[in-house]
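Going by full-length UniProt numbering, the final residue of the sequence shown carries number 240, and the count climbs one at a time with no gaps. Following: one structure in structure tokens, then a few remarks.
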Amino acid sequence: PLPQKFQSVTQFASLLPYSLTLDILSHTWEDPHDVEDIWRAISDLVKVMEYNSSLNRFTGYTPIGIHTAEQLNADPVVLASRKQKNSVLLYYFPLSVEPSVHLSMTPHGDRHPSMLTCSAYKFYPKQIRVTWLRNGQEVPSNMTSSEELANGDWHYQIHSYLEYTPTPGEKISCMVEHTSFTEPKILHWDMSLPESERSKIAIGASGLVLGVVFAVAGLLYYNRRKTTGMELVPTSHPSQ
């Protein structure tokens, strides 16, 4: 999994150590060098100082933070070290994570069309394209809707919706394009019944089969007794 934050402790010259949190605040992987990181020095929940990799400068927010930032900004060795650490982070971060894609349907009743949902989970980077195809032709975007969410761990998910009324011979597909794919991933909607309906039919069919089996077994048993000359004796006796 891609980390969102890194925890470490450092000490600048003779100053007290601060708890540092690294936040990747903005990023685009079209050019990995566009990634911006922010190092924040926090003491007792108060932001003392931060470093911005895009500016390659420290900024102080308290008296001691301002004094420390001035010292660090005046030291080219420290600034070069910060830049180098940022480059190391970029080198080890995977550039893309392939999404897991699923296609599902939510029925909305007899008088309303059903809703098809195409979902892509846990992908990175954020840029992704989800389109619907009807018989191989792209469905206009004004006939679909999408919902994009951040997982909070550098991964993202997206859900695209399409109202759907089953039509004989019609083929509905969802196409997902992402930088982690060598080619677009296309999922075709299965026109068969939903799983709940298939389960009901399977249970009903099982009951019917069992009923037939018991009926046949009873008939065979009756015929066997009849052919062997055995008579069925009534269990009740006439009143005397």
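Beta carbons are placed, not taken as given, at the ideal position from N, Cα and C, and that holds for glycine.
task = Express the C-alpha separation of M105 and P113 in angstroms, rounding to a whole number.
result = 11 Å
Proximity winner among W132, K171, R40, H178, relative to S160 (alpha-carbon distances) = Nearest option by C-alpha distance: W132.
request  = State the start and end residues of the unbroken beta strand (DSSP E) segment that holds A74.
outcome  = Where A74 is concerned, there is no enclosing beta strand (DSSP E), given that its DSSP letter is neither H nor E.
query = Residue ranges of each beta strand (DSSP E) run of no fewer than 3 residues wholly in the UniProt domain "Ig-like" (99-188), ordered along the chain?
reply = 100-106, 114-123, 128-134, 144-150, 156-164, 172-178, 185-188
request  = Determine the direct distance from the alpha carbon of M175 to that of E98, and round the result to whole angstroms.
outcome  = 14 Å
query = Which same chain residues, not among the five before or five after E50, have their C-beta less than 8 Å away from its C-beta?
reply = I38, W39, R40, A41, F58, T59, Y61
query = Bridge partners of T59, per DSSP?
reply = E50
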